[in-house]
Structure formats: C-alpha cells, structure tokens
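Encoded as structure tokens, the structure appears first; notes follow it.
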Amino acid sequence: MPVRAAATRPLGTVTRGTTNPNRLRRMDRWIAAVHGAELRRAADPVAVDLGYGAAPWTAVELLHRLRTVAPHARVVGVEIDPARVAAAAPYAREGLLFRHGGFEVPVPEGGPPLLIRAANVLRQYDEGEVAAVWERLCARLAPASGHSRGGLLVEGTCDEIGRRHVWVALGPEGPRTLTFATRLGSLDRPSDLAERLPKALIHRNVPGEPVHAFLRDFDRAWAAAAPYASYGARQRWMRAVRDLTADWPVTDGPVRWRQGEVTVRWEALAPRA
C-alpha cells in the first residue's frame, strides 16, 4: 500500500520482522570500512537501524561494529510496531536506545543521523514507492559540508542468515553505489545474487536493463576465471571482479574483493527510464 503521512502514526507499514543474530554482518562491516572516517570525525555520530524487526539483535550488533571504528558512535533502533519497541527496551544501554517511528526517522535531540541502515525494509513495498522513500530518508541525513560528504543511507536485502546481500548506498544527493556481498562458498555463479537485489532493481534483471547486463558479464568473467578455482573461491572471485573492471565502474579494490564483495557506481546499474 502507498506510504502516506498521518498525524497520529509513523510513516510506513509493519514488516514481517524476520531477524537473526549476525544476519547483517556483511553490511555492518562494509559500513564500518567505508564510512568509519565520517563517523570518527563527527562530534556526535548517530546511526539509525530502521526497521530492526521483532528482536533487537541487529541494532545491538551495529553499535558494537561501529564502535570498533568510532568509539563514541550511538545507535537508535527505530521500529513502526510499538510492541517491538517495548520488547527491545531491556536491551537499551549507553549509546543504544529504541524509538517508535517509521520513515520520518525520529532521533534524539541533536544533529541529523550520519547513518541510516534500512535492511529488508522495502522488500514488501512496490517498486514505484522506492524513490519517494529514498528521498525522504536522504533528507533526514546529515548534509554535506566542506569536510564531509554527509550522511549515508544503506538500503538493501539479504537472505535469512546473511550469506547473500545486495545494497544501495545513498548520500544526501541520492544514490552512489550498489554493492554485492556473499559468502563465496555458497555461490555457484554471481547471478545467484539476483534474488537479493533491492526493490529498486529486483524486477529489472531482464534483457535491456543495465543490472542484467552486469550480472551476465559477471557470470562470464566467473566462468573465464574457472582455472583459479583450484586456489579457492576467493581467488576465483577476485580474478572475475578484476576482469569486470575493464567494462564496469567498480569503485573498490582487492581488500574488499577478498571479503566476497564488489561495489559498482549506481549510475552504471540504475534502471532505464
């Protein structure tokens, strides 16, 4: 159903609430690696775990992982279901609190958040609703300044135990990159990740769309890198990604590729008008 503003309730609809410990570890580690410097520079770095689900594990874990790179980071878990907020309350502690809310992103007094993570939240929405939600959430981020690119919205989906994950990273100006992340031992071919494309792309994996062409080329590079399989799936993945860089704007390097990741500029994969 469409997202509508209401005077007496948060923006959005209740999700299924499925959650598991460590489900979002790949996304968390990527955030810590690429956004850690922004969090460290901030006087009061606030991160939001939007739609954390029926249990607060992902918010607890996000705080722990962010504090490895920004010791003074704070996390606000935001849920549209008040019963879930009440259930999470016993887990609140210094640097971690829980709020009732939705896409309006309620945060404590102070500056806007430097990070909003929305994992498996938009899966239930229609593709046509995504742009408006992105715009609303990006407007809540800390703005860019002379020494900062501003806040980061990370929105994507993963499987139930976090083996396969695809997410979009957006700044105050809009989408920046798309990241594919996987446990390499579970992968037959890179296009297996298509089932975890975020809502903006899940229906675009068809001939004529850039994301379809990318996954086709990734499968071809994976097949060509088959001789590297004797050295392990990681070496095969790294070789395939290296070959992709000849035709696609890959933004990261071997340090991230070794983690079973590859990040590509959004404009190269964005849906055709």
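Under this note's numbering, read the sequence shown as residues 292 to 564, first letter to last. Heads up, the beta-carbon is just placed ideally off N, CA and C, and yes, glycines get one too. Predicted model only: the values in this text are computed from it and were never measured.
Distances from the alpha-carbon of P362 to those of E370, G368, E385 put E385 closest.
DSSP, read as helix, strand or coil, puts V367 in strand. DSSP lists V339, L444 as the beta-bridge partner residues of I407. Listed in chain order, the non-local C-beta contacts of A515 below 7 Å within the same chain comprise D534, local neighbours out to five positions each way being set aside. Contact between T310 and G344 holds, since their C-beta atoms are separated by about 4 Å, short of 8 Å. Cβ-Cβ separation between V339 and V367: approximately 5 Å, consistent with a contact (criterion under 8 Å). In this structure, T542 places its C-beta atom within 8 Å of the C-beta atom of T468. In this structure V337 is buried. Its beta-carbon is surrounded by 16 or more other beta-carbon atoms within 10 angstroms.
E329 counts as buried, since no fewer than 16 other beta carbons sit within 10 angstroms of its beta carbon. In the DSSP assignment, the residues bridged to C449 are H456.
Annotation: the continuous beta strand (DSSP E) that includes L388 extends over 387 to 391. With a cutoff of 8 Å on beta-carbon distance, W348 and P312 are scored as near each other. In this structure, DSSP gives T309 a state outside helix and strand, which the three-state scheme calls coil. About 14 Å separates the CB atoms of D510 and D538; that is not less than 8 Å, and the two are not in contact. Each of C429, A410, W557, L341 was checked against the Cα of L388, and the nearest Cα belongs to L341. M318 and A435 do not touch by the CB rule: their CB atoms are close to 22 Å apart, not below 8 Å.
Just so you know, the alpha carbons of L492 and E464 end up roughly 19 Å apart. Here A512 carries a helix assignment [DSSP, helix/strand/coil]. Burial state of G437 is exposed, judged by a 10 Å Cβ sphere holding fewer than 16 other Cβ atoms. Taking 8 Å as the upper bound for CB-CB distance, E446 and P481 are not in contact here, some 21 Å apart. Setting aside the 5 residues that flank it on each side, A378 is surrounded in the same chain by A345, A346, P347, each with a C-beta closer than 8 Å to its C-beta; the list follows chain order. Close CB contacts of P404 within its chain, under the 8 Å cut and outside five residues either way in sequence, are with V337, A338, V339, V367, V396, V398, R431, L432, A433, G442 (chain order). Judged by pairs of C-beta atoms under 8 Å, the stretch 520 to 535 touches the stretch 548 to 560, as three or more such pairs exist.
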